[in-house]
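I have placed the structure first, in the form of structure tokens, so that the comments after it can refer back to it.
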């Protein structure tokens, strides 16, 4: 946002969105975003040479889809989001079955 900060501030003000900032030099205050930025930089920006912004956008979209569905996440004990979703769905179905059988 450093290149569009004034436009972003105006947009947030118009939408009544309060901006919050971390202290300069304290990336640990924003750990989730910093981790995502690092992963994106390693997996996409540092891994490829791009001929156009369109090429970057296409690869970024593919990467984001993979990251949000098939990429293992430590926060989910190494499961992918798809695996975690399946477990949660199965768990919910088992609970519903238990409730139905106990009535």
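Numbering (full-length UniProt numbering), first residue to last: 1 to 103. Note that the Cβ used here is the ideal one computed from N, Cα and C, for glycine as well.
In the DSSP assignment, residue 66 falls within the unbroken alpha helix (DSSP H) covering 53-67. For residue 71 against residue 79, the beta-carbon gap comes to about 10 Å, at or over 8 Å, which does not count as contact.
Its Cα nearest to that of residue 47, the residue 39 stands out among 39, 54, 83.
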